[in-house]
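*Asks:* Heads up, the sequence shown is in the working numbering, so the first residue is 19 and it goes up one at a time. Just so it is clear, CB atoms sit at the ideal spot from N, CA and C, and this is done for glycine as well.
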Amino acid sequence: CGVGIWSYLTCHGLGPIVFYDGSLNSDKYIDILDQHLPTAYEKFLPQSPHSKIFQEKKINPIPWPPNSADLNLIENMWSILDDKLLKYNINNTEQLKTALKMAWMEISHDTIQKLFESMSKRIRQIIKRRGFASHY
19 CGVGIWSYLT CHGLGPIVFY DGSLNSDKYI DILDQHLPTA YEKFLPQSPH
69 SKIFQEKKIN PIPWPPNSAD LNLIENMWSI LDDKLLKYNI NNTEQLKTAL
119 KMAWMEISHD TIQKLFESMS KRIRQIIKRR GFASHY
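1) Which residue marks the beginning of the alpha helix (DSSP H) containing I108, and which one marks its end?
2) Out of G31, N109 and G40, which has the shortest C-alpha to C-alpha gap to D128?
3) With DSSP as the reference, identify every bridge partner of W24, one or two as the case may be.
4) For I141, which residues in the same chain have their Cβ closer than 8 angstroms to its Cβ, ignoring the five residues on either side in sequence?
5) Could you spell out the range, first to last residue, of the alpha helix (DSSP H) harbouring I50?
6) For Y26, does the count of other Cβ atoms within 10 angstroms reach 16, so buried, or fall short, so exposed?
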């Protein structure tokens with residue numbers, strides 16, 4: 019049974035790192051949303067392909083292409099996190115969790131801002147490429 023990781027980001031910063039066991043089903047996802055999203059998540063919704071889960075909670079997320087990693091900033095954050103993990107000596111699951119939390123806290127607000135500022139370029143590039151993936 020593996021350990022999964024979940025979080026979110028806003029232009030104001032990163033959400034908490036949340037670990038869960040096994041695969042992420044709708045019940046686990048709803049529990050994570052209930053426990054870890056800001057209470058005013060009507061104003062802010064994470065990008066998610068799990069629209070059924072949002073329907074169950076009567077939340078209306080913005081429409082989002084399900085397979086557009088180049089438009090999903092959290093995918094960039096996972097890549098940045100992977101790079102930061104290289105400096106840690108990790109031998110077991112607990113060390114991995116500790117390293118993930120530490121590396122997550124190392125991600126600067128400047129990095130987050132640059133990602134958000136890149137969105138208009140990403141969208142323009144996808145439009146220019148008639149829907150095909152951007153280089154991001």
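*Replies:* Reading it off the structure:
1) Here residue 108 corresponds to residue number 90 of the sequence shown, with the count starting at 1. No alpha helix (DSSP H) contains I108, which DSSP labels as neither H nor E.
2) Here residue 128 refers to the residue found at position 110 when the sequence shown is read from its first residue. The residue with the shortest Cα to Cα distance from D128 is G31.
3) Working through the sequence shown from its first residue, we reach residue 24 at position 6. The partner list for W24 (beta bridge, DSSP) reads V36.
4) Start at 1 with the first residue of the sequence shown, and residue 141 comes out as number 123. L89, listed in sequence order.
5) Working through the sequence shown from its first residue, we reach residue 50 at position 32. S44 to H54 is the span of the alpha helix (DSSP H), which, as asked, contains I50.
6) Taking the first residue of the sequence shown as 1, we reach residue 26 at position 8. Buried.
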